[in-house]
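In my numbering, the protein residues as written are 1346 to 1631.
In structure tokens form, the structure reads like this:
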């Protein structure tokens, strides 16, 4: 349930649920510059292996060139990523990257389309729970709280029956915590983060990755008191720390997803900019 001091109250009408995409896109362009879209300096040959394409997308994203990363992902999918091993799964991974990148620009429908590709493929390598979690996050951005919760529940139900079940379920809870913060459900987010941080992920082979995730989740948890009081500037500090932890891990090829907390950070910065603009606007005569 949303906190009474939430910084951005939930809209009441269906028409209000969809975010203002041009504003998000302008914010994104201002943050990284339009030069990111020029050149695509890591462009790969027409028959590039899907793993090479993922590496290129990751390079753009870790440098903050999110629009270029999204554009390259689209080029890869249009070209049809190849490769000797798991080419079909590679296509799904690129859809997963593009979906999360689309959310940074507010393209919820595009992200849902990418998520649906993953769900419908029903692959054992990138399983449908990843698609449901992505679709749930898109619905959080669109401020569809009930749809978000339903998709996250489906993601966790599927994850609980798969290999590395605890790792995947707690990972989904960490993502749901971010979605709940976007929806101002601070109590629900705190519960998810507590469980994800304190839980036994049962992944001895991925102990380093688990510790990285727990460190980032701890930073997110530290932001909740500031979010509850509406201090968005203060809340952005630990959220940015979470992004940095995961981004550094990604640069070291540890597979950490920094785009989810990045989405939260960008949204909070957008809310803060809107608040400042409203406060700076001249008062109109009654």
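For each residue, glycine too, the CB sits at the ideal point set by N, CA and C.
When DSSP labels each residue in this structure, what does residue i get in the three-state scheme?
{"i": "residue 1427", "result": "strand"}
{"i": "residue 1601", "result": "coil"}
{"i": "residue 1509", "result": "coil"}
{"i": "residue 1367", "result": "Low per-residue confidence applies at residue 1367: pLDDT is 49, beneath 50, and the placement is therefore not dependable, though the value from the model is reported in the following sentence. Looking at residue 1367 - three-state DSSP - the assignment turns out to be helix."}
{"i": "residue 1538", "result": "helix"}
{"i": "residue 1412", "result": "helix"}
{"i": "residue 1548", "result": "coil"}
{"i": "residue 1581", "result": "helix"}
{"i": "residue 1476", "result": "helix"}
{"i": "residue 1627", "result": "coil"}
{"i": "residue 1608", "result": "helix"}
{"i": "residue 1445", "result": "helix"}
{"i": "residue 1620", "result": "helix"}
{"i": "residue 1503", "result": "helix"}
{"i": "residue 1469", "result": "coil"}
{"i": "residue 1589", "result": "helix"}
Relative to the C-alpha of residue i, which residue among the options is closest?
{"i": "residue 1541", "options": "1625, 1617, 1558", "result": "1558"}
{"i": "residue 1571", "options": "1621, 1584, 1625", "result": "1584"}
{"i": "residue 1512", "options": "1569, 1554, 1546", "result": "1546"}
{"i": "residue 1504", "options": "1411, 1471, 1579", "result": "1471"}
{"i": "residue 1597", "options": "1404, 1427, 1395", "result": "1404"}
{"i": "residue 1593", "options": "1446, 1475, 1554, 1507", "result": "1554"}
{"i": "residue 1468", "options": "1457, 1435, 1420, 1486", "result": "1435"}
{"i": "residue 1490", "options": "1515, 1533, 1465, 1458", "result": "1533"}
{"i": "residue 1496", "options": "1530, 1552, 1457", "result": "1457"}
{"i": "residue 1418", "options": "1402, 1485, 1573, 1623", "result": "1402"}
{"i": "residue 1397", "options": "1411, 1427, 1410, 1408", "result": "1427"}
Who are residue i's beta bridge partners in DSSP?
{"i": "residue 1576", "result": "Per DSSP, none; premise fails for residue 1576."}
{"i": "residue 1394", "result": "1427"}
Expressed to the nearest angstrom, what Euclidean distance is found between the alpha-carbon atoms of residue i and residue j?
{"i": "residue 1452", "j": "residue 1615", "result": "15 Å"}
{"i": "residue 1600", "j": "residue 1576", "result": "31 Å"}
{"i": "residue 1488", "j": "residue 1422", "result": "28 Å"}
{"i": "residue 1400", "j": "residue 1627", "result": "48 Å"}
{"i": "residue 1589", "j": "residue 1462", "result": "30 Å"}
{"i": "residue 1438", "j": "residue 1543", "result": "29 Å"}
{"i": "residue 1526", "j": "residue 1473", "result": "24 Å"}
{"i": "residue 1442", "j": "residue 1605", "result": "11 Å"}
{"i": "residue 1498", "j": "residue 1621", "result": "36 Å"}
{"i": "residue 1424", "j": "residue 1506", "result": "34 Å"}
{"i": "residue 1549", "j": "residue 1556", "result": "11 Å"}
{"i": "residue 1483", "j": "residue 1509", "result": "25 Å"}
{"i": "residue 1500", "j": "residue 1625", "result": "43 Å"}
{"i": "residue 1528", "j": "residue 1492", "result": "12 Å"}
Is it buried or exposed for residue i, if we count other Cβ within 10 angstroms and need 16 for buried?
{"i": "residue 1578", "result": "exposed"}
{"i": "residue 1581", "result": "buried"}
{"i": "residue 1450", "result": "buried"}
{"i": "residue 1433", "result": "exposed"}
{"i": "residue 1523", "result": "buried"}
{"i": "residue 1649", "result": "Since the first residue of the chain shown is 1346 and the last is 1631, residue 1649 is not available in this structure."}
{"i": "residue 1552", "result": "exposed"}
{"i": "residue 1612", "result": "buried"}
{"i": "residue 1502", "result": "exposed"}
{"i": "residue 1520", "result": "buried"}
Answer yes or no: the CB of residue i versus the heavy atoms of the ligand PLP, is any distance below 6 Å?
{"i": "residue 1435", "result": "For the ligand PLP, the structure offers nothing, since it holds no ligand at all."}
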